[in-house]
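Report on one structure; see the data block that follows.
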RNA sequence: GGCAGGUUGCCCGAGCGGCCAAUGGGAGCGGACUGUAAAUCCGUCGGCUUUGCCUUCGAAGGUUCGAAUCCUUCACCUGCCA
């Protein structure tokens, strides 16, 4: 344990501190005793995603080092929406936000410890915001926010052209007020968030200083981007959701497995709880024999276990091995095959019906979004049945093609797989 | 309030009466090369019962044999003036 580095050094080594207020002062406070910190999550969707996960694991690292987490779910800020460069958000109803608050809260809880000396606390900013009167808000909070400073913020500036509502413009006041309240009522002295939140983070630090005269801290984690600088977190169609109903554990595992070589090390450091020696070892192996994708496999395994549990991880690894193993599908026993296909997604067809054509199968499994799209895929040579290319759009699988008497493996391109089960 | 300009497929952006499902770029998708990586190259990129048909170019109406392209009204956006 003596070799364990200071948590701030660890965070820096992991590349998790992109901006910070005063790290030396923060370090001094941590050395003097546990620091209470908070991180907020706005319920803007029914599930958290990869970007939120980075904040969650960062909170966990701080808690593991003895500090006290306050996980905030934005029942109030979620009603308003923070300004994004892409444009104005559409408002969600109170009912929708409430249900998302519950889901988000449930997603965060497994990652933190709610017992012991430094037990975590869940808070909801709706509790101290909803009943606040407009007059009090404008006098007590609004007075501390110079509009000229607010206008200078990057997000706001880019939005001035296209337009920004007063609602979103005011968001920073709400988040800053959260920090003030948590500082007053709970002694919170540190907030962190994504680097896109930097303006909101410093807004809170500033408000606490003006109102309470206290020097509290903030840091921002970097934006995790793909090797080409574009945003991460897109799989086919959607974000990298943590909710298994929105992104299957299989697809979640595949996302991490397919990460670019040059990003593996960075992601291992930022997201996993592997220690420095383990990560450096993985990086060394990956650099020497990249084709083995040792780093990607470790990353995918670690992340899937973290979010979906060890049992599920075993299933998706088995599925990946079966479907991408290179062996003949016929050699797989039915249990392995069925399990693998269930991870990838199965479409059931009734027995006794004539077998659909390749084009219809691609559409039925969702691999293609229209029949025209399916035809194109076949024409382009991207359609496979049981790992063999099919070049005729009207090809109809023969009864002999059914694996174990009832399974078909459909593939589009290299990575998109779907199962078909013929069952009564 | 006045004047001028704009609204095109996922995004940006050409087209300005027929040759327009609509140039080009990006994203996406497929192929080749590889390692379920990156880069590169090639192809593709509204729908369908696909040598043809249907629905698209802010909305509704109109002119015309024929409109994304012309006219009218409406909505929204931008710039200049007040």
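In this note's numbering, the protein residues as written are 38 to 461.
Glycine included, every Cβ here is placed at the ideal spot set by N, Cα and C.
Given that a residue counts as buried once 16 or more other Cβ atoms are within 10 Å of its Cβ, and exposed if not, what is residue 148?
Residue mapping note: residue 148 aligns to position 111 of the first chain, counting from 1. Label assigned to residue 148: buried.
Just how far apart, CA to CA, sit residue 142 and residue 97?
On the first chain, residue 142 is found 105 positions in, with the first residue counted as 1. On the first chain, residue 97 is found 60 positions in, with the first residue counted as 1. C-alpha separation (whole angstroms): 15 angstroms.
So the candidates are 373, 67 and 76; which of them puts its Cα closest to the Cα of residue 213?
Taking the first residue of the first chain as 1, we reach residue 213 at position 176. The candidate whose alpha carbon is nearest that of residue 213 is 76.
By the 10 Å Cβ neighbour count, where 16 or more other Cβ atoms means buried, how is residue 50 classified, buried or exposed?
Numbered from 1 along the first chain, position 13 holds the residue referred to as residue 50. Exposed is the call here.
With H, G and I counted as helix, E and B as strand and the rest as coil, what does DSSP make of residue 458?
Within the first chain, the letter at position 421 stands for residue 458. Of the three classes helix, strand and coil, the one that applies to residue 458 here is strand, per DSSP.
Does the distance from the CB of residue 352 to the CB of residue 436 come in under 9 angstroms?
Residue mapping note: residue 352 aligns to position 315 of the first chain, counting from 1. Residue mapping note: residue 436 aligns to position 399 of the first chain, counting from 1. Going by C-beta atoms, residue 352 is not nearer than 9 angstroms to residue 436.
Taking a contact to mean a Cβ-Cβ separation below 9 angstroms, would you say residue 306 touches residue 42 in this structure?
Here residue 306 refers to the residue found at position 269 of the first chain. Here residue 42 refers to the residue found at position 5 of the first chain. Going by C-beta atoms, residue 306 is not nearer than 9 angstroms to residue 42.
Does the distance from the C-beta atom of residue 256 to that of residue 60 stay below 9 angstroms?
In the first chain, the residue the question calls residue 256 occupies position 219. In the first chain, the residue the question calls residue 60 occupies position 23. Closer than 9 angstroms, so yes.
Per DSSP, what kind of secondary structure is residue 57 in: helix, strand or coil?
Walking along the first chain from the start, residue 57 turns up at place 20. Residue 57 falls in the strand class under three-state DSSP.
Classify residue 166 as buried or exposed, calling it buried when 16 or more other Cβ atoms lie within 10 Å of its own Cβ.
Numbered from 1 along the first chain, position 129 holds the residue referred to as residue 166. The residue in question, residue 166, is buried, as its Cβ has 16 or more Cβ neighbours within 10 Å.
In angstroms, rounded to a whole number, what distance separates the CA positions of residue 451 and residue 439?
Here residue 451 is taken as the residue at index 414 of the first chain, counted from 1. Here residue 439 is taken as the residue at index 402 of the first chain, counted from 1. Looking at the two C-alpha atoms, the distance is approximately 21 angstroms.
Helix, strand or coil for residue 106, going by three-state DSSP, please let me know.
By one-based count along the first chain, residue 106 stands at place 69. It is a strand residue.
For the beta strand (DSSP E) holding residue 420, just list the boundary residues, first then last.
Along the first chain, one-based indexing puts residue 420 at 383. Run containing residue 420: 420-422, per the beta strand (DSSP E) assignment.
Can you tell me whether residue 315 is helix, strand or coil according to DSSP?
On the first chain, position 278 is the one that residue 315 refers to. Correct three-state label for residue 315: helix.
Where does the unbroken beta strand (DSSP E) through residue 258 begin, and where does it stop?
Taking the first residue of the first chain as position 1, residue 258 is located at position 221. Note, residue 258: beta strand (DSSP E), 254-258.
Can you tell me which of the three DSSP states residue 276 falls into?
By 1-based counting over the first chain, the position of residue 276 is 239. Residue state, collapsed to three classes: strand.
Based on DSSP bridge pairs, tell me the residues matched to residue 462.
The first residue shown for the chain is 38 and the last is 461, placing residue 462 beyond what the model contains.
Could I get the ranges of all uninterrupted beta strand (DSSP E) runs contained in the segment 329-398, with 3 residues as the minimum, in chain order?
If we require 3 residues or more, the beta strand (DSSP E) runs fully inside the segment 329-398 come out as 383-386.
For residue 293, which residues of its own chain have a beta-carbon under 6 angstroms away from its beta-carbon, when the five flanking residues on both sides are left out?
Position 256 of the first chain, counted from the first residue, corresponds to residue 293. Hits under 6 angstroms: 336, 337 and 340.
Suppose you measure from the CA of residue 344 to the CA of residue 359; what does that come to, to the nearest Å?
Here residue 344 refers to the residue found at position 307 when the first chain is read from its first residue. Here residue 359 refers to the residue found at position 322 when the first chain is read from its first residue. Using only the alpha carbons, I get a separation of about 22 angstroms.
What distance in whole Å lies between the Cβ atoms of residue 196 and residue 31, which are believed to be in contact at a cut-off of 8 angstroms?
Because the chain is modelled from 38 through 461, residue 31 falls outside the range shown and cannot be assessed.
Once you ignore the five residues that flank residue 210 on each side, which residues in its own chain have a CB closer than 7 angstroms to its CB?
To locate residue 210, count along the first chain from 1; it is residue 173. So the list reads 178, 179 and 182, once near-sequence residues are dropped.
State the CB to CB distance for the pair residue 73 and residue 224, rounded to an integer number of angstroms; the pair is presumed to be in contact (CB under 8 angstroms).
Here the question's residue 73 lines up with position 36 in the first chain. Here the question's residue 224 lines up with position 187 in the first chain. Confirmed, about 5 angstroms.
Whose CA, out of 84, 300 and 202, lies closest to the CA of residue 268?
Within the first chain, residue 268 is the residue found at index 231, counting from 1. That would be 300, whose Cα lies nearest to the Cα of residue 268.
What number of angstroms, rounded off, separates the C-alpha of residue 39 from the C-alpha of residue 46?
Taking the first residue of the first chain as 1, we reach residue 39 at position 2. Taking the first residue of the first chain as 1, we reach residue 46 at position 9. Low confidence applies here, because residue 39 scores a pLDDT of 46, under 50, leaving its location unreliable; read the following figure in that light. For residue 39 and residue 46, the distance between alpha carbons rounds to 14 angstroms.
What's the call for residue 350, buried or exposed, on a 16-neighbour Cβ count within 10 Å?
By one-based count along the first chain, residue 350 stands at place 313. Classification for residue 350: buried.
Would you mind stating whether residue 399 and residue 447 have Cβ atoms separated by less than 9 angstroms?
For the purposes of this step, residue 399 is identified with residue 362 of the first chain, where counting begins at 1. For the purposes of this step, residue 447 is identified with residue 410 of the first chain, where counting begins at 1. Closer than 9 angstroms, so yes.
I'd like the span of the beta strand (DSSP E) that includes residue 228, first residue to last.
Translated into positions along the first chain, residue 228 becomes position 191. Run containing residue 228: 227-231, per the beta strand (DSSP E) assignment.
Less than 9 angstroms separating the beta-carbons of residue 113 and residue 160?
Working through the first chain from its first residue, we reach residue 113 at position 76. Working through the first chain from its first residue, we reach residue 160 at position 123. No.
Which residues in the same chain as residue 434 place their Cβ atom closer than 7 angstroms to its Cβ, once the five residues preceding and following it in sequence are excluded?
On the first chain, position 397 is the one that residue 434 refers to. Excluding residues within five positions, the ones whose Cβ falls inside 7 angstroms are 392, 422 and 445.
By Cβ distance below 6 angstroms, which residues in the same chain neighbour residue 259 in space, the five residues on each side in sequence not counted?
In the first chain, residue 259 corresponds to position 222, counting from 1. 55 and 232, listed in sequence order.
Look up residue 76 in the DSSP assignment and give the residues it is bridged to.
Residue 76 sits at position 39 when you count from the first residue of the first chain. According to DSSP, residue 76 bridges with 108.
Could you have a look at residue 440 and say whether DSSP puts it in helix, strand or coil?
Position 403 of the first chain, counted from the start, is the residue given in the question as residue 440. Correct three-state label for residue 440: strand.
Please report the straight-line C-alpha distance between residue 389 and residue 276, rounded to a whole angstrom.
If you number the first chain from 1, residue 389 lands on position 352. If you number the first chain from 1, residue 276 lands on position 239. Computed Cα separation, rounded: 39 angstroms.
In the DSSP assignment, what are the bridge partners of residue 161?
If you number the first chain from 1, residue 161 lands on position 124. Beta-bridge pairing links residue 161 to 110.
Just curious, the alpha helix (DSSP H) that residue 218 is in, first and last residue?
If you number the first chain from 1, residue 218 lands on position 181. Run containing residue 218: 208-223, per the alpha helix (DSSP H) assignment.
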